[in-house]
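Participant: Residue numbers (my numbering), protein chains in the order written: chain A, 1 to 315; chain B, 1001 to 1315.
Where is the CB? At the ideal position from N, CA and C, for every residue including glycine.
Nothing here was measured: the structure is a model prediction, and the numbers come from that model.
Dropping a structure here in structure tokens format, bear with me for questions.
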């Protein structure tokens, strides 16, 4: 039975991924877990603690999903914590796994699926970002994710691990309570009105962004774990499919799915700090490599809303 | 008087840079120094030692040139040392400088000029690499340099330091003894014949690469230290001007400058390890941003040979 370790397994995507891996031996690691969480084995700890990471590596899981991070807004305000958790934890993890690889005489080579982000890209952008576009992040979160990609790629090229980095679109609609991500409002303006709650909109409705659902994200992760990384030819960071829509188009989709009463609950509440972060984010992609490899997301924002209603909406 | 710290000040470029900075208060740091070196103050130590780096930061130099690195060939064979010296030293340096910045209530913001490399790029390449091309390095050295660029950029964006990363072309003709750089033969096939010594050529003469002279490199560094980095608009890593030539074109230039007797001293000596590294290196660039900012290199490989003869050749 394949052994799987999910770092950041207490988070929203980690929990959904865990519940989907019904034929594997799954262990979850996180700083905390939801009380009604997935039933897999839980280990609690801080991913930035090298001793903890070494203990995890010593379990020699076949597949490691590395989803652990602090979100973009927090990485921008808590600079040191952002670098420790989002970047140096990967450094400690890779070194701990290399030590296991060396101790196994090279037989242990774990698959690592790492959730990077489209925040590795920074403005100015072409109309669509293609697979050869530079990573010039304009946020700490983006810089940390891009740094992890480089380390993961080089440790993989050397054969110590077998890594792939997925530059996830913004995941929308996130269920549950708002988090500190600067991107949180993209979900909030859909989720809260569907639940009869007012939602602040901190940016103009002309803002365009790149989205995929939590269901699509879990699909990306599982597909990446199965992929023969030889086909990546050394470029182990992938831009993924998604939907490019403006906030106005999100709102129109909400109107089609849930009516004008829902739309009325969206309240303009301009926030310069959030706008400052979002301004530097990508708007649209041409993710040809990932599409050629068979990665798939939704075809419309209406569909993204329907996925939320099917998977997460609770009356 | 401007205070200047040159990390890697014992190296070839560091020494030339030191000798050129006649109106600054210059301190050199390196693991070792040449016996007949530049007369500036020398501090000996390991750049990978965090305590040493903190002590250097506590001097609060106005300008820091960070040239310290182990070369590409060594970073490929000594994996851990490569990451420690080429990447983690920058991490410790930036954190030490941020601590000084914080302790100064934000008044201390050192200029950092960092020598990155065109090794941040990996094959496959377009015919000419433009300023928007992705960094997908295929060597540890390239990955380490690209990682430093990301950290330097984010610490700069936050205002803790004021950094710029220069992606130096391969520096040719290097004076003195061969070093462990995989690129060393590009200089060796010119330098050794000019000095009447045989030179091995480990790659086919169809290999094309991107070169600038040591004199041009010192010019890049000094210009970068003077640059108002606001004009970089957050993209603090620059591709620099150079000359794109094949090894055959290098040899033809040598023939024009020094005659057939010199050319005869070049001996084909195929080396798969070197070819494996060089295969993943860039061949040609369109460095429009740097050119628009006034960075200048040589116009021909003949000129590069003449610079060697003027600056470094000793009868």
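Is there a Cβ of chain A sitting closer than 8 angstroms to that of residue 1106 of chain B, yes or no?
Facilitator: It does not; no Cβ of chain A falls within 8 angstroms.
Participant: So with Cβ pairs under 8 angstroms, would you call residue 1138 of chain B a contact of chain A?
Facilitator: Yes - at least one Cβ of chain A is within 8 angstroms of the one on residue 1138 of chain B.
Participant: Quick one: what's residue 993 of chain B bridged to in DSSP?
Facilitator: Limits of chain B in this structure are 1001 at one end and 1315 at the other, which puts residue 993 of chain B out of reach.
Participant: Please determine if the region 1195-1214 of chain B and the region 1269-1286 of chain B are in contact, where contact requires at least 3 C-beta pairs separated by less than 8 angstroms.
Facilitator: Short answer: they touch.
Participant: Output needed for residue 178 of chain A: all residues of its chain with C-beta closer than 7 angstroms, excluding positions within five of it in sequence on either side, in chain order.
Facilitator: So the list reads 184, 188, once near-sequence residues are dropped.
Participant: What three-state label does DSSP hand residue 1245 of chain B in the structure shown?
Facilitator: Residue 1245 of chain B falls in the strand class under three-state DSSP.
Participant: Against residue 23 of chain A, what residues of chain B qualify as contacts under a CB-to-CB distance less than 7 angstroms, listed in chain order?
Facilitator: Near residue 23 of chain A there are no residues of chain B at all, since even the closest Cβ is about 34 angstroms away, more than 7 angstroms.
Participant: Could you tell me which chain A residues have their CB closer than 7 angstroms to the CB of residue 1158 of chain B, listed as they occur along the chain?
Facilitator: Result: 79.
Participant: Please classify residue 282 of chain A: does DSSP put it in a helix, a strand, or coil?
Facilitator: The answer is coil: DSSP assigns residue 282 of chain A none of H, G, I, E or B.
Participant: Just reading off the beta strand (DSSP E) that residue 1163 of chain B is part of, what are its end residues?
Facilitator: Taken as a continuous stretch (DSSP letters only), the beta strand (DSSP E) holding residue 1163 of chain B covers 1162-1168.
Participant: Note down, in chain order, every chain A residue with its Cβ under 7 angstroms from the Cβ of residue 1153 of chain B.
Facilitator: Near residue 1153 of chain B (Cβ distances below 7 angstroms), the residues of chain A are 143.
Participant: Please tell me whether residue 30 of chain A has its Cβ less than 8 angstroms away from any Cβ of chain B.
Facilitator: Judged by the 8 angstroms Cβ criterion, residue 30 of chain A is not in contact with chain B.
Participant: Out of curiosity, what's the CA-to-CA distance linking residue 1031 of chain B and residue 1011 of chain B?
Facilitator: Spanning the two alpha carbons is a distance of roughly 10 angstroms.
Participant: Quick test of the definition: if touching needs 3 or more C-beta pairs under 8 angstroms, does the region 131-140 of chain A touch the region 1138-1158 of chain B?
Facilitator: Contact between the region 131-140 of chain A and the region 1138-1158 of chain B is present, because at least three Cβ pairs lie under 8 angstroms.
Participant: Is it a yes or a no for the region 1235-1246 of chain B touching the region 1030-1048 of chain B, going by three-plus beta-carbon pairs under 8 angstroms?
Facilitator: No: fewer than three Cβ pairs fall under 8 angstroms.
Participant: Let me see if you follow: with CB-CB separation under 8 angstroms, is residue 1273 of chain B close to chain A or not?
Facilitator: It does not; no Cβ of chain A falls within 8 angstroms.
Participant: Sort B/1013, B/1025, B/1092, B/1073 by Cα distance to residue 1216 of chain B and report the nearest one.
Facilitator: Out of B/1013, B/1025, B/1092, B/1073, B/1013 has the C-alpha closest to the C-alpha of residue 1216 of chain B.
Participant: Could you tell me the distance, in whole angstroms, from the CA atom of residue 1035 of chain B to the CA atom of residue 1186 of chain B?
Facilitator: Looking at the two C-alpha atoms, the distance is approximately 26 angstroms.
Participant: Within the continuous beta strand (DSSP E) that includes residue 1199 of chain B, where are the two ends?
Facilitator: Where residue 1199 of chain B is concerned, the enclosing beta strand (DSSP E) stretches over 1199-1201.
Participant: Starting from residue 1054 of chain B, trace the beta strand (DSSP E) in both directions and tell me its first and last residue.
Facilitator: Not the beta strand (DSSP E): residue 1054 of chain B falls in the alpha helix (DSSP H), residues 1050-1057.
Participant: Who are the neighbours of residue 1205 of chain B on chain A, taking C-beta pairs under 8 angstroms?
Facilitator: Within 8 angstroms Cβ-Cβ: nothing; residue 1205 of chain B doesn't reach chain A, min ~26 angstroms.
Participant: Quick check: residue 221 of chain A and residue 65 of chain A, are their CB atoms within less than 8 angstroms of each other?
Facilitator: Yes. Within cutoff.
Participant: Taking residue 218 of chain A as the reference, give the member of A/256, A/297, A/120, A/262 with the closest Cα.
Facilitator: When only C-alpha atoms are compared, the closest one is A/297.
Participant: Is there a Cβ from chain A that is less than 8 angstroms from the Cβ of residue 1220 of chain B?
Facilitator: Chain A, which has no Cβ nearer than 8 angstroms to the Cβ of residue 1220 of chain B, makes this no.
Participant: With a cut-off of 8 angstroms, do at least 3 Cβ pairs link the region 108-127 of chain A to the region 51-67 of chain A?
Facilitator: Contact holds: three or more Cβ-Cβ distances are below 8 angstroms.
Participant: Closer than 8 angstroms, CB to CB, is residue 84 of chain A near chain B or not?
Facilitator: Cβ-Cβ to chain B under 8 angstroms: no for residue 84 of chain A.
Participant: Short check: CB of residue 250 of chain A to CB of residue 198 of chain A, under 8 angstroms?
Facilitator: Cβ atoms of residue 250 of chain A and residue 198 of chain A: not closer than 8 angstroms.
Participant: Report, in whole angstroms, the separation of the C-beta atoms of residue 1205 of chain B and residue 1248 of chain B, which I expect to be a contact under 8 angstroms.
Facilitator: The Cβ separation is near 4 angstroms, so the contact holds.
Participant: Taking C-beta pairs closer than 8 angstroms, name the residues in chain B that residue 146 of chain A reaches, listed in chain order.
Facilitator: The answer, in chain order, is 1150.
Participant: If I'm right that residue 1092 of chain B touches residue 1063 of chain B with Cβ under 8 angstroms, what's the distance once you round it to whole angstroms?
Facilitator: Their Cβ separation, rounded to whole angstroms, is 19 angstroms, which puts residue 1092 of chain B and residue 1063 of chain B out of contact at 8 angstroms.
Participant: Measure the beta-carbon distance from residue 1229 of chain B to residue 1129 of chain B and round it to whole angstroms, keeping in mind my assumption that it falls under 8 angstroms.
Facilitator: Their Cβ separation, rounded to whole angstroms, is 22 angstroms, which puts residue 1229 of chain B and residue 1129 of chain B out of contact at 8 angstroms.
Participant: Under 7 angstroms Cβ-Cβ, which residues of chain B neighbour residue 134 of chain A?
Facilitator: 1132, 1133, 1134, 1135, listed in chain order.
Participant: May I ask you to report which of helix, strand or coil DSSP gives residue 193 of chain A?
Facilitator: Three-state DSSP puts residue 193 of chain A in a helix.
Participant: Within 8 angstroms (strictly less), CB to CB, does residue 1208 of chain B reach chain A?
Facilitator: No, residue 1208 of chain B lies away from the interface with chain A (no Cβ there is under 8 angstroms from its Cβ).
Participant: Name, in chain order, the residues that DSSP records as bridge partners for residue 239 of chain A.
Facilitator: DSSP lists A/167 as partners of residue 239 of chain A.
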